[in-house]
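In the working numbering, the protein residues as written are 1 to 358.
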């Protein structure tokens, strides 16, 4: 009888697990129906490709759905999402066979982008949640010939350097010098940092750190000679290796650090700016709407996240005797600055281009 109860309990658990997997597949694997509103309205089908069913990708898809529903209510153009995970057990390449010519495909992440660009299908691709270095590598290795996918939009994961420096200047208006430490990935942003620094007449102290270098020896002069440090995201192992030294030295020399995630603020950065999965999803949905309602672009547009979040470490700010405004106030001020800058660029006829690599 005990064994029978055990088998019954196991069967129940297995059944419940199968049901949970089925429901996830139903929601994600077989598609999320979004914004099918309006009698007689023509529904647009958009394929969303993700690497795997992980929390941040699910958040992206949910945010996409939410924003597309809002767009449908406000502007029409109902959209139906069909989501495919590359590493799902039931994934097969022939799932892509039904793609029609010029169909819109949203690739979330570098792996999904690379896979979609390798298809022999004449589709349009929005690549989102991808780093600048990753998209540079992918695009450079792709040869566009014949009936191949067309990349129409790229939404970077990281923040523009202009936003980071603008934020720093809001916190420290009397800033005269900045420092930064680069790895093999983040060094691709050095040209942007130098350009923005020249714009505000800021002296730059920076260094490229290799795996063979002594971190303390290289980082110490940068911290010692800078009014503030800007830390840009790199490979995870580099980030972990450098973060401890940067925070330790910044505390010692009382130099504020601007980070790229809430965790950096928690670790000791005075302030951080970043975009959440929900915000990236929201911006991606707006790109979807843009290309479903506008003419095809002649060139690919490369954009940074429109929406962002700021976190402040008030304890560090107090120890440095720096009066930092409320995070929400800083977000509003940054948005206003960027809105003015965007208007100026529109008036001068500047367009979005792929940033050059060093």
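Backbone N, C-alpha and C fix where the C-beta goes; we use that ideal spot for every residue, glycine too.
What number of angstroms, rounded off, separates the C-alpha of residue i from the C-alpha of residue j?
| i | j | result |
| --- | --- | --- |
| residue 124 | residue 327 | 38 Å |
| residue 45 | residue 286 | 15 Å |
| residue 362 | residue 236 | The chain is shown only over 1 to 358; residue 362 falls outside these bounds and no answer can be derived. |
| residue 209 | residue 71 | 45 Å |
| residue 86 | residue 289 | 25 Å |
| residue 247 | residue 63 | 34 Å |
| residue 253 | residue 81 | 52 Å |
| residue 338 | residue 51 | 33 Å |
| residue 180 | residue 222 | 7 Å |
| residue 117 | residue 296 | 18 Å |
| residue 343 | residue 336 | 11 Å |
| residue 314 | residue 323 | 9 Å |
| residue 69 | residue 282 | 11 Å |
| residue 165 | residue 193 | 8 Å |
Does residue i come out as helix, strand or coil in the three-state DSSP assignment?
| i | result |
| --- | --- |
| residue 53 | coil |
| residue 85 | strand |
| residue 62 | helix |
| residue 329 | helix |
| residue 310 | strand |
| residue 181 | strand |
| residue 175 | coil |
| residue 47 | strand |
| residue 341 | helix |
| residue 316 | helix |
| residue 168 | helix |
For the alpha helix (DSSP H) holding residue i, just list the boundary residues, first then last.
| i | result |
| --- | --- |
| residue 246 | 236-253 |
With a threshold of 8 Å between beta carbons, is residue i in contact with chain D?
| i | result |
| --- | --- |
| residue 209 | Annotation note: the requested chain D is absent from the structure, which comprises a single protein chain. |
Problem set entry | Uninterrupted beta strand (DSSP E) stretches inside the stretch 260-308 (no shorter than 3 residues) | 271-274, 301-303
For this session: Tell me the start and end of each unbroken beta strand (DSSP E) in the stretch 93-160 that is at least 3 residues and wholly inside, in chain order.
Result: 104-108, 124-130, 150-156
Problem set entry | Length at least 3, wholly inside the stretch 187-229: the beta strand (DSSP E) runs in chain order | 203-208
For this session: Evaluate the contact criterion for the stretch 275-293 versus the stretch 304-322: three or more CB pairs, one atom per stretch, below 8 Å.
Result: yes
Exercise. Given 8 Å as the limit, is there contact between the stretch 198-208 and the stretch 145-159, that is, 3 or more CB pairs closer than that?
Worked result: no
For this session: Check whether the stretch 124-139 touches the stretch 261-270, taking contact to mean three or more Cβ pairs, one atom from each stretch, closer than 8 Å.
Result: no
Problem set entry | Any 3 or more C-beta pairs closer than 8 Å across the stretch 225-232 and the stretch 173-190 | yes
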